[in-house]
Amino acid sequence: MVRGGSSSLAMRCGFWVAALSTCLGLLGCRRSYEVAECSPCSRGSRSDPKAQAEIHALWQTVARDIWKESPLELTCVCFGVAPSASVEGRNIELVTSWERREQTARAAHLALHRKRPPWDARSRDACDARVARALELEAEAHGLELTVRQSLGVTTRRYPFEPEYWAVPAAQRRAWLLSYFTSHPEGDGAVPGFAAEYRARCGGLPG
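Just so we're aligned, residue 8 is where the sequence shown starts under the working numbering, counting upward by one.
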């Protein structure tokens, strides 16, 4: 969480430098984060190049510290009234009314799903193994979203389990999330019932 005048100023400066670089890229040569395979936004949502550039710039202010793997591209973003529950295709759906930092955190979550899809419809593994893998990837993506929110200084709560999550040592948080999702197969009223939903996708496959 960002506190203090000097750190806040540095973060704002970094954001605007990154935003300027992104906007110049949008107006001139194509940036590496742009993806030509984006699908048209679904009915009721729309693209917003300026908002996407701001999200990309915010992500760049924290990505170096919290994401150590190959670049995670926050591309193909559409804005509407409901967030994506998952990314089965290219597009990430964000809620227009959310504050930009919250949108950025959710976009990172969904971009990770796009990079490592929780569900592989072509897999022939047993249902239990497929559901277990999906829950592990859900825990990873939710953990990334929460970390981005904290790093960007978001203080509102998105998920009801956040106080318990942050009380757990950092090295154990992903395992804690996995345990939470496993122990709430039907959801908790705010978080979907991932275990039940993924198990329903198995169809007639053996457990």
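Ideal Cβ placement from N, Cα and C applies to all residues, glycine included.
When DSSP states are grouped into helix, strand and coil, Glu-100 belongs to the strand group. With respect to Trp-66, Thr-111 sits close: the two C-beta atoms are nearer than 8 Å. Looking from the CA of Leu-151, the closest CA among Arg-113, Gly-200, Tyr-205 and Cys-209 belongs to Arg-113.
Close CB contacts of Gly-51 within its chain, under the 8 Å cut and outside five residues either way in sequence, are with Gly-87 and Val-88 (chain order). Residue environment: Glu-109 is assigned as buried (16 or more neighbouring CB atoms within 10 Å of its CB, all protein chains considered). For the set Glu-143, Arg-156, Leu-144 and Glu-147, the Cα lying nearest the Cα of Trp-105 is the one of Arg-156. For Val-69, the secondary structure class from DSSP, reduced to helix, strand or coil, is helix.
The DSSP-derived three-state label of Phe-188 is helix. Annotation: Val-161 is outside any alpha helix (DSSP H) and is labelled neither H nor E by DSSP. Around the beta-carbon of Ser-77, fewer than 16 other beta-carbon atoms lie within 10 Å, marking it exposed. Between the beta-carbon of Leu-142 and that of Phe-201 there is about 6 Å, and that keeps the pair under the 8 Å contact cut. Of the candidates Ala-174, Glu-145 and Pro-192, Glu-145 places its Cα closest to the Cα of Arg-121. Rounded to the nearest angstrom, the gap between the Cα atoms of Ala-182 and Phe-188 is 10 Å. Going by beta carbons, Glu-193 and Ala-207 fall outside the 8 Å limit. Burial state of Ser-158 is buried, judged by a 10 Å Cβ sphere holding 16 or more other Cβ atoms.
Taking Glu-147 as reference, the option from Pro-47, Gly-196, Pro-124 and Ala-133 with the minimal CA-CA separation is Pro-124.
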